[in-house]
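Q:
Put into structure tokens, the structure is as follows:
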């Protein structure tokens, strides 16, 4: 406990927490929205309806503002393991390093190899090739999320390795890659990116309908978005519950922290089945100073039985216990948001069923639209609080039960760590502020409804707008290059 | 046991060569982009700067990502090197990353900016300069090696710690990277970047365009500067680096051939440049990078970090290297193919007017 709380260790954690938290602001949009852009493009190619094209090009602008920030902060992430957690990187290298290597080769580069074509290739490559590029960006960014969750999931539930000569050497690749936490953690994260992107669409659409600008166009987008959300939002709650049970099984200290669950058994010897709605935890005393409890709920949630035993904090040595405040409240914020977003999806589809999902009706009673604009921000907060729960819940371990965080920290002075932190606070806030400012600018400008549709004048284009058009771009010859 | 060691050293050497290839690709491609960014600071018209940015709009991200691939390969194949060298290079990498961040967001923001257009244009140039300078410093510092120690990196002693006394960690301080040589290699990287960047701009702009004319003149100047920088770096390296003694050892003939190949490439680059065969000049510049990096890699053998980590000491256990080799090698030609396609799509020469459009 004393070593864990020394200033260099805490600062190194803060250094990493800051760059990670500011990185996760960008990547979910890239991952989730690239699929939505692909669907919009396909809708345009299949139906020939220009509206889908206009929407695709509009959201693509927001996508690319977001993209640069995501890549730049992602390069930082890749190097930060070695910089801030050198001994950790060395020890986990045989598995974790390999996985990060897989990620750069099969995902990071794959995405970079098609993003230029997707954004700047309009009119320079055929429509089919363009749609293919968008698809590749979507697939590669999802692959990237998968590898990162393999690596992080393994830190939560490190299977398939033995510790030998100071290194975690892999004995079973299958078990290490498909570690128990990854199997549910990755779906949870991937669905989160799709949910976030869908709410991004819905919030921007709601804003335009509120402002009565291109209101019909954005109502047209709102309908399929809400339909997707009625599937995605409850699915995410279901997967989240599964992940909670997985954590209860493989990472009991983390679950105990998330739920403020200090006592495995009640004083009378019966299992403590109570779930804390809210609490004032006191880790050093090993109990809650105050809590509102609901009996049996915790057992129902984690074991799906009425009286199942859920391991509490008292089962573990004091120096193996994580902080409780952050996981407990961050988890509650995330869950609340999850249910609120489900409610928004229900409300929207209910309006649609009653035929009230039209621009006129929505504006007459603007509460739904206003809450939908607000809901655009909530998934970001849910992603943050979810990751804080996950990462702080794993403490004091960096590799759960095998390597303590302080054992993985690099050789750094407090001055160097502070310099890093202050510098990254300045730079990441600049990125954040800049991206926010340009998001609002692009949104205020609205979709471009007048420029000619790319490839529309091509004589060999399919009459419905679909098919592969020849690029209008004049091909230079090699002679001219030389 | 003996066989296993042989497999281990074969696989780690294979990844060491591949790593060298990735670095060469990165330096050739992103060196040009960064150099063009540095050059853009010399342009006083914001639209001209925008034209420079739009010349690489579709390719800069992929070019930069070769660095990430190189980093991923170091982590994947040589994690012991990764965990200690990056710790050693904390300060220069931090500045280089800030440069990369500034430059990346400037690309996306500049198009949409009105009142802040000048600021983002400047951040693009400054970010390129800082990234190139500190990448060069990091390279020079790496060539000099660093101190390592076993024991806990934070200096905390605990009984029965399974991680200490086996793997050596970096044990210097945050400023260990700083030396006259590493500062010089930083300046050298700026000069080399300036040359590659201006040659690249010559190949990307119409030959009667004002930006072309300016870049063409600068490239000539940079090529003389670069030649001088190469000579200084070689002499300096020979004087201070133990491994460089082999240049005049029994294998001097091979090194002489390499030097001649570099000089011929430099001559071809300059003559093609003078004759306005811009693409050929750019390719010869790439050949110089290939020969010089290859020479450096060969000089360091069997070290991956001179006097610090040998290739096989720094490599992963044989089993992990085998997995990396089996699953990732096939992707290398695939990566190169789609990158070539993307660059091919954006090969057309542009004019300074590109700065007026939203790219």
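Chains as they are written, first to last, in full-length UniProt numbering: chain A, 1 to 482; chain B, 1 to 359.
Glycine is no exception: its CB is placed at the ideal position from the N, C-alpha and C atoms.
Model, not experiment: these values are computed from the prediction.
Please list the terminal residues of the continuous alpha helix (DSSP H) segment that includes residue 75 (chain B).
A: Looking at the DSSP string, the run of the alpha helix (DSSP H) that includes residue 75 (chain B) is 60-77.
Q: If I measure Cβ to Cβ from residue 293 (chain A) and keep anything under 8 Å in the same chain, skipping five residues before and after, which residues do I get?
A: Same-chain partners within the cutoff: 274, 275, 276, 277.
Q: Which of helix, strand or coil does DSSP assign to residue 40 (chain B)?
A: Helix.
Q: If you draw a straight line from the alpha carbon of residue 334 (chain B) to that of residue 114 (chain B), how long is it in whole angstroms?
A: Taking the straight line joining both Cα atoms gives about 40 Å.
Q: In terms of residues, what are the limits of the alpha helix (DSSP H) holding residue 219 (chain B)?
A: Its alpha helix (DSSP H) spans residues 210-240.
Q: Only counting the same chain, and skipping five residues up and downstream in sequence, which positions put a Cβ closer than 6 Å to that of residue 464 (chain A)?
A: For residue 464 (chain A), the predicted structure reports a pLDDT of 36, less than 50, and the residue's modelled location is therefore unreliable. The matter cannot be settled from this model.
Q: Tell me whether residue 318 (chain A) sits in a helix, a strand or coil according to DSSP, three-state version.
A: Looking at residue 318 (chain A) - three-state DSSP - the assignment turns out to be helix.
Q: Going by the beta-carbon positions, is the gap between residue 228 (chain A) and residue 376 (chain A) smaller than 8 Å?
A: In this structure, residue 376 (chain A) does not lie closer than 8 Å to residue 228 (chain A) by Cβ.
Q: State yes or no: is the C-beta of residue 59 (chain B) within less than 8 Å of the C-beta of residue 331 (chain B)?
A: It is not a contact, given that the beta carbons lie outside the stated cut-off.
Q: Pairs of beta-carbons, one from the region 91-105 of chain B and one from the region 118-133 of chain B, closer than 8 Å: are there three or more?
A: The region 91-105 of chain B is in contact with the region 118-133 of chain B.
Q: Please identify, using Cβ separations under 8 Å, the residues of the region 79-99 of chain B that lie next to chain A, in order along the chain.
A: Hits within the stretch, in order: 79, 80, 82, 83, 84, 85, 86, 87, 89, 90, 91, 93, 94, 97, 98.
Q: Interface residues of chain B around residue 451 (chain A) at Cβ under 7 Å?
A: Chain B residues near residue 451 (chain A): none, gap ~11 Å exceeds 7 Å.
Q: I'd like to check one pair, residue 86 (chain A) with residue 87 (chain B): are the Cβ atoms closer than 8 Å?
A: It is a contact, given that the beta carbons lie within the stated cut-off.
Q: In angstroms with no decimal places, state the Cα-to-Cα distance between residue 362 (chain B) and residue 103 (chain B).
A: Residue numbering for chain B in the displayed model covers 1 to 359; residue 362 (chain B) lies beyond these limits and cannot be assessed.
Q: Indicate whether the contact test is met: 3 or more Cβ pairs, each with one atom in the region 18-31 of chain A and one in the region 72-91 of chain A, closer than 8 Å.
A: Touching, yes.
Q: Please name the residue in B:8, B:251, B:82, B:52 whose C-alpha comes closest to that of residue 295 (chain B).
A: Closest option to residue 295 (chain B), Cα to Cα, is B:251.
Q: Is residue 163 (chain B) helix, strand or coil by DSSP?
A: DSSP places residue 163 (chain B) in coil when its eight states are reduced to three.
Q: Within the 8 Å Cβ cut-off, does residue 112 (chain A) reach chain B?
A: At least one chain B Cβ lies under 8 Å of residue 112 (chain A).
Q: Is the Cβ of residue 345 (chain B) closer than 8 Å to any Cβ of chain A?
A: Taking Cβ atoms only, chain A reaches closer than 8 Å to residue 345 (chain B), which makes this a yes.
Q: Ordered along the chain, which non-local residues of its own chain (more than five positions away) have a Cβ less than 8 Å from that of residue 212 (chain B)?
A: Correct list, in chain order: 201, 202, 205, 206.
Q: Taking residue 305 (chain B) as part of the alpha helix (DSSP H), name the residues at either end of that continuous run.
A: Not the alpha helix (DSSP H): residue 305 (chain B) falls in the beta strand (DSSP E), residues 303-305.
Q: If the cut-off is 8 Å on Cβ atoms, which residues from the region 321-339 of chain B count as contacting chain A, listed in chain order?
A: The residues in question are 323, 324, 327, 328, 331, 332, 335, 338, 339.
Q: Suppose you measure from the CA of residue 287 (chain B) to the CA of residue 19 (chain B); what does that come to, to the nearest Å?
A: Their backbone Cα atoms lie some 17 Å apart in a straight line.
Q: Checking contacts by CB at 8 Å: is residue 73 (chain A) closer than that to chain B?
A: Yes, residue 73 (chain A) lies at the interface with chain B (some Cβ there is under 8 Å from its Cβ).
Q: Spatial neighbours of residue 235 (chain A) within its chain, please: C-beta separation below 8 Å, excluding the five flanking residues on both sides.
A: So the list reads 191, once near-sequence residues are dropped.
Q: Just the Cα atoms here: how many angstroms apart are residue 405 (chain A) and residue 155 (chain A)?
A: Their backbone Cα atoms lie some 11 Å apart in a straight line.
Q: Grab me the residues of residue 222 (chain B)'s own chain with a C-beta within less than 7 Å of its C-beta, minus the 5 sequence neighbours each way, in chain order.
A: Counting only Cβ-Cβ distances below 7 Å, and skipping sequence neighbours, we find 191, 194, 195, 198.
Q: Among the residues of its own chain, which have a CB less than 7 Å from the CB of residue 95 (chain A), if the five just before and after it don't count?
A: Contacts found: 154, 161, 168, 170, 176.
Q: Just to confirm my understanding: we take residue 5 (chain B), look at its own chain, exclude 5 residues before and 5 after, and list those with CB closer than 6 Å. What are they?
A: Excluding residues within five positions, none has a Cβ falling inside 6 Å.
Q: Can you look up residue 13 (chain A) in the DSSP assignment and give me helix, strand or coil?
A: If DSSP states are grouped into helix, strand and coil, residue 13 (chain A) belongs with the helices.
Q: Considering only their Cβ atoms, is the gap separating residue 108 (chain A) from residue 150 (chain A) smaller than 8 Å?
A: Cβ distance not < 8 Å, so residue 150 (chain A) and residue 108 (chain A) don't count as in contact.
Q: Quick check on the DSSP output: the alpha helix (DSSP H) that includes residue 135 (chain B) runs from which residue to which?
A: From DSSP, the alpha helix (DSSP H) with residue 135 (chain B) extends over 117-144.
Q: Please name the residue or residues paired with residue 169 (chain B) in a DSSP beta bridge.
A: Answer is B:149, bridged to residue 169 (chain B).
Q: Can you tell me whether residue 257 (chain B) is buried or exposed? The criterion is at least 16 other CB atoms within 10 Å of its CB, across all chains shown.
A: Looking at its Cβ environment, which holds fewer than 16 other Cβ atoms inside 10 Å, residue 257 (chain B) is exposed.
Q: Relative to chain B, which residues along the region 153-180 of chain A have a C-beta separation below 8 Å, given in chain order?
A: Listed by position along the chain: 163, 165, 166, 167, 169, 170, 173.
Q: Tell me whether the region 307-323 of chain A and the region 193-210 of chain A touch, counting them as touching only if at least three CB pairs, one residue from each stretch, are closer than 8 Å.
A: No contact exists between the region 307-323 of chain A and the region 193-210 of chain A.
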